[in-house]
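A quick write-up on the structure given underneath.
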Amino acid sequence: MTKCHIVQDLLPSYLDGLVSAETETDIRQHLQDCDACRALHAKLSAPIENTSSQSDKKEIDFLKKVRKKTIQKMLAGFTALLLLVAALTYFLAIGSPVSKKDLIYTTSVDGDQWRINMELTNGKALLVRTESIYGEENSSGVKPIVGVLLKPYQVLPSPLLEGDNNSFMFGSTINSFTKSDYKIILRLGNDDVIFTSDNYDKQKP
Numbered sequence: 001m002t003k004c005h006i007v008q009d010l011l012p013s014y015l016d017g018l019v020s021a022e023t024e025t026d027i028r029q030h031l032q033d034c035d036a037c038r039a040l041h042a043k044l045s046a047p048i049e050n051t052s053s054q055s056d057k058k059e060i061d062f063l064k065k066v067r068k069k070t071i072q073k074m075l076a077g078f079t080a081l082l083l084l085v086a087a088l089t090y091f092l093a094i095g096s097p098v099s100k101k102d103l104i105y106t107t108s109v110d111g112d113q114w115r116i117n118m119e120l121t122n123g124k125a126l127l128v129r130t131e132s133i134y135g136e137e138n139s140s141g142v143k144p145i146v147g148v149l150l151k152p153y154q155v156l157p158s159p160l161l162e163g164d165n166n167s168f169m170f171g172s173t174i175n176s177f178t179k180s181d182y183k184i185i186l187r188l189g190n191d192d193v194i195f196t197s198d199n200y201d202k203q204k205p
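For what it's worth, UniProt numbering labels the leading residue of the sequence shown as 1, then goes sequentially.
Here is the structure:
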């Protein structure tokens, strides 16, 4: 009968199919008769799926945590970038309304033209948006234009609006003021300076 220690030494090779046919037969016969060697054979033959599975699970959990942190960092970075773009857009393109204390304006009449010249005094660039003012809808369903709204904004100097771009001139025809309801509104913060047929030809309203 094959001795146990010899069988136990040969079991790894036996399991890998590396022993001769005669030795394999002897080992198989011994395993049928020996409880100890049969138990060792069963232990060596047992699948290691549980250990591997636990290891894989830990690795997957770790990768999930890394991925989650990476996504969180990316989202935080993207949010910060959006806020930066929004801030730059606001200060460089949209700007904020000009207050009355930061703007000097004068009006003049030259022939049939009425002009208003504006100059920003706080060192920022001046951007003026104009909007038409519409009256009540007439019988034809059309709302006539009865004036112009001037909205000065201050923006930080940029390649688009350099620092010396702090003035703006707007013109209108004198004939526009012959209409009783025609007006030009200069909106400075919460203050409206209104030019009508009564005061368009004065330096200050």
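Ideal placement from N, C-alpha and C gives every residue a C-beta, glycine not left out.
Check                                                                                                                                                       : Outcome
Look at L120 and N166 and say whether their C-beta atoms are less than 7 Å apart.                                                                           : yes
Could you pull the start and end residues of the alpha helix (DSSP H) that P12 belongs to?                                                                  : C4 to L15
What is the residue span of the alpha helix (DSSP H) that S45 lies within?                                                                                  : D35 to S45
What did DSSP end up calling N117 once you bin it into helix, strand or coil?                                                                               : strand
Among the residues of its own chain, which have a CB less than 6 Å from the CB of S108, if the five just before and after it don't count?                   : R115
Measure the alpha-carbon distance for L82 versus L127 and round it to whole angstroms.                                                                      : 24 Å
What are the partner residues of E131, as DSSP defines its beta bridges?                                                                                    : L149
If you count every other CB in all the chains shown that lies within 10 Å of the CB of M195, and 16 or more means buried, which is it?                      : The question names Met, yet the displayed sequence has Phe at residue 195. F195 should be labelled buried.
How far does the beta strand (DSSP E) with K202 in it reach, from first residue to last?                                                                    : Counting along the chain, K202 falls outside any beta strand (DSSP E), and DSSP gives it neither H nor E.
Name the DSSP bridge partner or partners of G171?                                                                                                           : R115
Exposed or buried, P152, counting other C-beta atoms within 10 Å across all chains shown (16 or more means buried)?                                         : buried
Would you kindly report the start and end of the unbroken beta strand (DSSP E) that includes K124?                                                          : No beta strand (DSSP E) holds K124; DSSP gives it neither H nor E.
Is it true that the segment 69-83 meets the segment 29-39, where meeting means three or more beta-carbon pairs spaced less than 8 Å apart?                  : no
Does the distance from the CB of E125 to the CB of V155 come in under 7 Å?                                                                                  : For clarity, residue 125 is Ala in the given sequence; the question names Glu instead. Going by C-beta atoms, A125 is nearer than 7 Å to V155.
Counting C-beta neighbours from all protein chains within 10 Å, is the total for K183 16 or more, i.e. buried, or is it exposed?                            : buried
Which class does S20 belong to by DSSP, given the choice of helix, strand or coil?                                                                          : coil
Going by DSSP in three states, G163 sits in which element: helix, strand or coil?                                                                           : For G163, the predicted structure reports a pLDDT of 45, less than 50, and the residue's modelled location is therefore unreliable. The matter cannot be settled from this model.
Among the candidates I133, S139, N138 and Q32, whose CA atom is the shortest distance from the CA of V146?                                                  : I133
Does the beta-carbon of I60 have 16 or more other beta-carbons within 10 angstroms, so that it is buried, or is it exposed?                                 : exposed
Could you tell me the distance, in whole angstroms, from the CA atom of T25 to the CA atom of K65?                                                          : 52 Å
Note down the Cα distance separating N138 from P144, rounded to an integer number of angstroms.                                                             : 8 Å
Going by beta carbon distance, what residues of the same chain come within less than 7 Å of G171, once the five residues before and after it are set aside? : Q113, W114 and R115
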